[in-house]
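A.B. asks: In the working numbering, the protein residues as written are 6 to 164.
Glycine is no exception: its CB is placed at the ideal position from the N, C-alpha and C atoms.
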Amino acid sequence: MTTSTPTRLEPGADAPDFTLTDQDGHAVSLSDYRGKRVILYTYPEAFTPGCTAEACDFRESDAPLRAAGYTILGISSDDPEKLAEFREAEHLDFTLLSDADHAVQTAYGAYGERNKYGRIAVGPIRSTFVIDEHGKIAEALYNVRAAGHVARILKLLGL
């Protein structure tokens, strides 16, 4: 079996551009947000306990993040229909993007070999990226835990 350790992005690196389909079937590109600050978070799967908790934490922190000029984008491998159901069920007010082939998650170093319950597996790596208005990585956080993660982001951003 061939294993792959993802290449991680570092602060100051260009954020890889992408175009993905959102929960409503619309194409969304990172370049659409040039001139704005973005919090891009990747999560394994909608409707799972950890991913739901994380999404709800981002929902609860959406107002202070928006007030500070940040836009939240969530990425998973789920199809747009499932993302629409998840967004509606959890009353999320931010965009969810479908990366079914893992290309964007891979480009961000958020898909690859990881430790899952003591076993090595290949899959999504829960990660968050703060992208500045120039399209540069300001912060890259890998292997984050769902619980308490958003509070850590708020503290990191001084909010």
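Quick check: the stretch 126 to 143 against the stretch 91 to 100, are there 3 or more CB pairs under 8 angstroms?
C.D. replies: Judged by Cβ distances under 8 angstroms, the stretch 126 to 143 makes no contact with the stretch 91 to 100, as fewer than three pairs qualify.
A.B. asks: With 16 other CB atoms within 10 Å as the buried threshold, where does Asp104 fall?
C.D. replies: To locate residue 104, count along the sequence shown from 1; it is residue 99. It counts as buried.
A.B. asks: Within the stretch 57 to 145, note down every full beta strand (DSSP E) run reaching 3 residues or more, in order along the chain.
C.D. replies: Counting only runs of 3 or more, we get 75 to 81, 100 to 103, 116 to 121, 124 to 129 and 132 to 136.
A.B. asks: By the 10 Å Cβ neighbour count, where 16 or more other Cβ atoms means buried, how is Ser34 classified, buried or exposed?
C.D. replies: Taking the sequence shown and counting its residues from 1, one reaches residue 34 at position 29. Classification of Ser34: exposed, given that the 10 Å Cβ count is below 16.
A.B. asks: Indicate whether the contact test is met: 3 or more Cβ pairs, each with one atom in the stretch 74 to 94 and one in the stretch 39 to 49, closer than 8 angstroms.
C.D. replies: Segments in contact, yes.
A.B. asks: Can you tell me where the beta strand (DSSP E) with Ala156 in it begins and where it stops?
C.D. replies: For the purposes of this step, residue 156 is taken as the residue at position 151 of the sequence shown. Run containing Ala156: none in the beta strand (DSSP E); it sits in the alpha helix (DSSP H), His154 to Leu161.
A.B. asks: Whose CA, out of Tyr38, Gly40 and Tyr113, lies closest to the CA of Glu144?
C.D. replies: Residue numbering aside, residue 144 sits at position 139 when the sequence shown is read from its first letter. Among Tyr38, Gly40 and Tyr113, the Cα nearest to that of Glu144 is on Tyr113.
A.B. asks: Classify Leu164 as helix, strand or coil using the three-state DSSP reduction.
C.D. replies: Taking the sequence shown and counting its residues from 1, one reaches residue 164 at position 159. Leu164: coil per DSSP, three-state reduction.
A.B. asks: For Tyr116, count neighbouring C-beta atoms within 10 Å of its own C-beta (all shown protein chains included) and say buried if the count is 16 or more, exposed if not.
C.D. replies: Within the sequence shown, numbered from 1, the residue matching residue 116 stands at position 111. Counting Cβ neighbours within 10 Å, Tyr116 comes out buried, since at least 16 surround it.
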